[in-house]
Amino acid sequence: MKIKVKFFAILRERAGTAEVTKEIKEGSTVGDLWQALQQEYPKLNVPGIRLLYAVNQNYVKPENQLSDQDEVVFIPPVSGG
Amino acid sequence: MKIKVKFFAILRERAGTAEVTKEIKEGSTVGDLWQALQQEYPKLNVPGIRLLYAVNQNYVKPENQLSDQDEVVFIPPVSGG
Amino acid sequence: MFRITNQPIDLQELVRFVTDPEAGAIATFIGTTRNNNEGRNVIGLDYEAYPEMAEKELGRIGDDAKKQWQICRMAIIHRLGPVQITEASVMIAVSSAHREAAFAACRFAIEQIKKAVPIWKKEVFEGGEVWIGTQTGQPLNHK
Amino acid sequence: MFRITNQPIDLQELVRFVTDPEAGAIATFIGTTRNNNEGRNVIGLDYEAYPEMAEKELGRIGDDAKKQWQICRMAIIHRLGPVQITEASVMIAVSSAHREAAFAACRFAIEQIKKAVPIWKKEVFEGGEVWIGTQTGQPLNHK
Numbered sequence: 003m004k005i006k007v008k009f010f011a012i013l014r015e016r017a018g019t020a021e022v023t024k025e026i027k028e029g030s031t032v033g034d035l036w037q038a039l040q041q042e043y044p045k046l047n048v049p050g051i052r053l054l055y056a057v058n059q060n061y062v063k064p065e066n067q068l069s070d071q072d073e074v075v076f077i078p079p080v081s082g083g
Numbered sequence: 003m004k005i006k007v008k009f010f011a012i013l014r015e016r017a018g019t020a021e022v023t024k025e026i027k028e029g030s031t032v033g034d035l036w037q038a039l040q041q042e043y044p045k046l047n048v049p050g051i052r053l054l055y056a057v058n059q060n061y062v063k064p065e066n067q068l069s070d071q072d073e074v075v076f077i078p079p080v081s082g083g
Numbered sequence: 194m195f196r197i198t199n200q201p202i203d204l205q206e207l208v209r210f211v212t213d214p215e216a217g218a219i220a221t222f223i224g225t226t227r228n229n230n231e232g233r234n235v236i237g238l239d240y241e242a243y244p245e246m247a248e249k250e251l252g253r254i255g256d257d258a259k260k261q262w263q264i265c266r267m268a269i270i271h272r273l274g275p276v277q278i279t280e281a282s283v284m285i286a287v288s289s290a291h292r293e294a295a296f297a298a299c300r301f302a303i304e305q306i307k308k309a310v311p312i313w314k315k316e317v318f319e320g321g322e323v324w325i326g327t328q329t330g331q332p333l334n335h336k
Numbered sequence: 194m195f196r197i198t199n200q201p202i203d204l205q206e207l208v209r210f211v212t213d214p215e216a217g218a219i220a221t222f223i224g225t226t227r228n229n230n231e232g233r234n235v236i237g238l239d240y241e242a243y244p245e246m247a248e249k250e251l252g253r254i255g256d257d258a259k260k261q262w263q264i265c266r267m268a269i270i271h272r273l274g275p276v277q278i279t280e281a282s283v284m285i286a287v288s289s290a291h292r293e294a295a296f297a298a299c300r301f302a303i304e305q306i307k308k309a310v311p312i313w314k315k316e317v318f319e320g321g322e323v324w325i326g327t328q329t330g331q332p333l334n335h336k
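Protein chains in written order, with my numbering: chain A, 3 to 83; chain B, 3 to 83; chain C, 194 to 336; chain D, 194 to 336.
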């Protein structure tokens with residue numbers, strides 16, 4: 003299935019792109035996707051960073067199973083305000 | 003000695019004037035002045051009202067002794083804001 | 194900036210005044226005339242002050258706030274005369290490096306204004322008018 | 194009104210939006226860029242957001258505030274892109290009948306923005322730049 007991944011802030015800079023479409027097998031979780039992306043973009047592995055995970059603009063846990071066409075964002079520590 | 007008395011809000015309305023100059027004897031206190039004024043303007047006696055007292059724009063206690071040319075204000079419960 | 198005025202208050206003026214390169218936070222408070230009070234339909238409020246002393250007491254609130262919190266700048270303007278529904282009777286602005294101080298000092302200022310500054314409001318409601326606070330006979334402490 | 198923008202934020206717009214005849218109080222908060230942070234001379238901040246989700250989360254903050262306090266209206270606008278010293282990155286305005294609710298909800302909103310809304314700031318300082326929060330690796334709770 004196809005997953006749209008958006009990168010923001012430090013992860014966008016590390017990935018060198020703001021958006022990619024990733025092919026991943028049925029039943030994969032958000033955590034699986036993150037592992038796969040780190041293979042492809044080793045720089046995404048920021049030491050000590052704690053991420054949140056969003057699917058279709060809602061926070062989810064990394065165990066969350068993905069569906070085809072989901073939009074996934076790995077959210078670095080927020081610092082608005 | 004001569005004391006300038008200003009009235010505000012409900013006391014101004016009750017006294018029917020915003021300012022009077024009152025002649026009072028040496029050694030009188032703010033409380034004495036209030037007693038004298040109530041004789042002259044009986045309507046100043048608002049049932050249940052709790053006043054503060056200011057001399058020359060500073061809060062004082064009713065025992066405060068007056069000096070010639072002092073400016074005295076009897077302050078009804080404030081309600082700014 | 195601590196003053197009373199007969200004109201509508203301009204929030205931008207206060208915010209400009211407290212703007213400071215050292216500040217990361219500005220908290221403001223606006224007191225507005227609301228259309229009801231204790232079951233009465235309010236038509237408007239009418240404010241009166243002992244002007245010289247009111248400004249002095251507003252300045253004292255600023256001094257007291259600066260002793261208690263690390264704030265950059267502070268402004269309070271209180272309006273006198275008639276203030277219609279939704280219009281502002283008082284505005285407070287406080288800037289500080291960190292938001293805690295700005296919030297705390299802003300809250301402190303409005304509480305102190307309601308306690309210690311010689312300003313009075315007459316409420317004009319459907320069927321009458323009343324000097325707020327006067328009938329209740331609430332005790333006030335000497336400073 | 195809960196939105197993000199690339200333009201300077203207009204406080205008057207927020208205050209007008211929350212103005213309500215039932216309100217006696219409006220509390221506002223402005224977050225501004227300050228010229229120093231943790232010993233660094235800050236040149237400016239640069240904000241980035243996940244826009245659709247950021248607006249959704251701002252709206253959720255409004256919903257949560259309305260559940261907790263009796264407020265009339267609420268507005269939050271967060272700016273994106275470069276924000277110079279003394280300029281505002283975020284403004285919050287809350288109206289309520291009584292001031293306690295406005296202050297509490299305003300404070301709540303800024304705390305929640307800093308916790309849960311996908312917006313990030315890069316600090317540009319003399320000698321470098323850094324995504325704030327990223328190096329600290331502070332744990333954030335899932336909602």
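Glycine included, every Cβ here is placed at the ideal spot set by N, Cα and C.
Cutting at 7 angstroms between CB atoms, please list the residues of its own chain near residue i, excluding the five before and the five after it.
i, result
"ALA294 (chain D)", "TRP262, GLN263, ILE264"
"HIS335 (chain D)", "Unreliable positioning characterises HIS335 (chain D) in this predicted model, as indicated by a pLDDT of 38, which lies under 50. The coordinate reading is nonetheless provided below. For HIS335 (chain D), where only same-chain residues beyond five positions count, there are no Cβ hits under 7 angstroms."
"THR329 (chain C)", "Confidence at THR329 (chain C) is low in this model, with a pLDDT of 47, below 50, so its placement is unreliable and no value can be given for it."
"ILE202 (chain D)", "ILE270, ARG272, ALA281, MET284"
Could you work out which residues of chain C lie near residue i, taking near to mean beta carbons separated by less than 9 angstroms?
i, result
"LYS45 (chain B)", "Those do not exist, as LYS45 (chain B) stays about 13 angstroms from chain C at its closest Cβ, beyond 9 angstroms."
Taking C-beta pairs closer than 8 angstroms, name the residues in chain D that residue i reaches, listed in chain order.
i, result
"LYS8 (chain A)", "TYR243"
"VAL48 (chain A)", "THR327"
"VAL74 (chain A)", "Per Cβ cutoff of 8 angstroms: no residues; VAL74 (chain A) is ~11 angstroms from chain D at best."
Considering residue i, what are the terminal residues of the beta strand (DSSP E) in which it resides?
i, result
"ASP48 (chain A)", "One detail in the question is off: residue 48 (chain A) reads as Val in this sequence, not Asp. It is not in any beta strand (DSSP E) - VAL48 (chain A) carries neither H nor E in the DSSP assignment."
"VAL57 (chain A)", "54-57"
"GLU280 (chain C)", "Per DSSP, GLU280 (chain C) belongs to no beta strand (DSSP E) and is neither H nor E."
"MET267 (chain C)", "266-272"
"THR23 (chain A)", "21-25"
"THR198 (chain C)", "195-198"
State the start and end residues of the unbroken alpha helix (DSSP H) segment that holds residue i.
i, result
"GLN37 (chain B)", "32-42"
"MET246 (chain C)", "244-261"
"ALA309 (chain D)", "292-309"
"LEU204 (chain D)", "204-211"
"ARG16 (chain A)", "11-17"
Can you pull the chain F neighbours of residue i, defined as C-beta to C-beta under 8 angstroms?
i, result
"GLY326 (chain D)", "Reference to chain F is not applicable here, since the protein chains of this structure are A, B, C and D."
Below 8 angstroms CB to CB, which residues in the same chain sit around residue i once its five sequence neighbours on both sides are set aside?
i, result
"ASN66 (chain B)", "THR31, VAL32, TYR55, VAL57"
"GLN331 (chain C)", "A caution first: GLN331 (chain C) carries a pLDDT of 41, below 50, which makes its placement in the model too unreliable to give a value."
Given that residue i touches chain C, what residues does it touch there, using C-beta distances under 8 angstroms?
i, result
"VAL57 (chain B)", "Neighbours of VAL57 (chain B) on chain C: none; closest Cβ ~10 angstroms, over 8 angstroms."
"ARG272 (chain D)", "Near ARG272 (chain D) there are no residues of chain C at all, since even the closest Cβ is about 14 angstroms away, more than 8 angstroms."
"ALA218 (chain D)", "PHE222, ILE223, GLY224, THR225"
Output, in chain order, the set of chain B residues within a Cβ distance shorter than 9 angstroms of residue i.
i, result
"ILE303 (chain C)", "GLY83"
"LYS306 (chain C)", "Inspection of the sequence shows that residue 306 (chain C) is occupied by Ile rather than by Lys. Those within 9 angstroms of ILE306 (chain C) in chain B are VAL80, GLY82, GLY83."
If you drop the 5 nearest sequence neighbours on each side, which residues of the same chain put their C-beta closer than 6 angstroms to that of residue i?
i, result
"LEU333 (chain C)", "With a pLDDT of 38 at LEU333 (chain C), under the threshold of 50, the predicted position of this residue should be treated as unreliable, though the coordinate-derived value follows. Nothing listed; no residue qualifies."
"ARG227 (chain C)", "none"
"GLN305 (chain C)", "ILE254"
"ALA297 (chain D)", "TRP262"
"LYS45 (chain B)", "ARG16"
Taking the alpha carbon of residue i as the reference point, which residue from the options has its own alpha carbon closest?
i, options, result
"ALA302 (chain C)", "D:ALA309, D:ARG300, D:ARG292", "D:ARG292"
"ALA258 (chain D)", "D:VAL323, D:VAL317, D:PHE195, D:THR327", "D:PHE195"
"ILE246 (chain D)", "A:ILE12, A:VAL62, A:ILE51, A:ASP70", "According to the sequence as given, residue 246 (chain D) is Met; it is not Ile. It is A:VAL62 whose Cα lies nearest to the Cα of MET246 (chain D)."
"GLY50 (chain A)", "A:ILE12, A:VAL7, A:MET3", "A:ILE12"
"VAL321 (chain C)", "C:LYS249, C:LEU238, C:VAL276, C:GLU250", "A quick correction: the sequence has Gly, not Val, at residue 321 (chain C). Ranking the options by Cα distance to GLY321 (chain C), first place goes to C:LEU238."
"GLY232 (chain C)", "D:VAL323, D:ASP256, D:GLU215, D:GLN200", "D:GLU215"
"GLU316 (chain D)", "D:GLN205, D:ALA290, D:ALA218, D:TYR240", "D:TYR240"
"LYS6 (chain B)", "B:SER81, B:ARG52, B:GLY83, B:PHE76", "B:PHE76"
In chain A, which residues lie with their C-beta within 7 angstroms of the C-beta of residue i?
i, result
"VAL310 (chain D)", "VAL80, GLY82"
"VAL235 (chain D)", "The contacting residues do not exist; VAL235 (chain D) stays about 14 angstroms from chain A at best."
In chain C, what lies closer than 7 angstroms to residue i by C-beta?
i, result
"ARG196 (chain D)", "In chain order: nothing, as chain C lies at least about 20 angstroms away."
"ALA11 (chain B)", "GLU241, TRP313, TRP324"
Using the beta-carbon of each residue, which ones in chain D are nearer than 7 angstroms to residue i?
i, result
"PHE318 (chain C)", "Here the premise fails: no neighbours, minimum Cβ distance about 14 angstroms."
"ASN199 (chain C)", "Within 7 angstroms Cβ-Cβ: nothing; ASN199 (chain C) doesn't reach chain D, min ~21 angstroms."
"GLU215 (chain C)", "ARG227, ASN228"
What in chain B is Cβ-close to residue i, meaning under 8 angstroms?
i, result
"SER288 (chain C)", "None at all; the shortest Cβ gap to chain B is about 21 angstroms."
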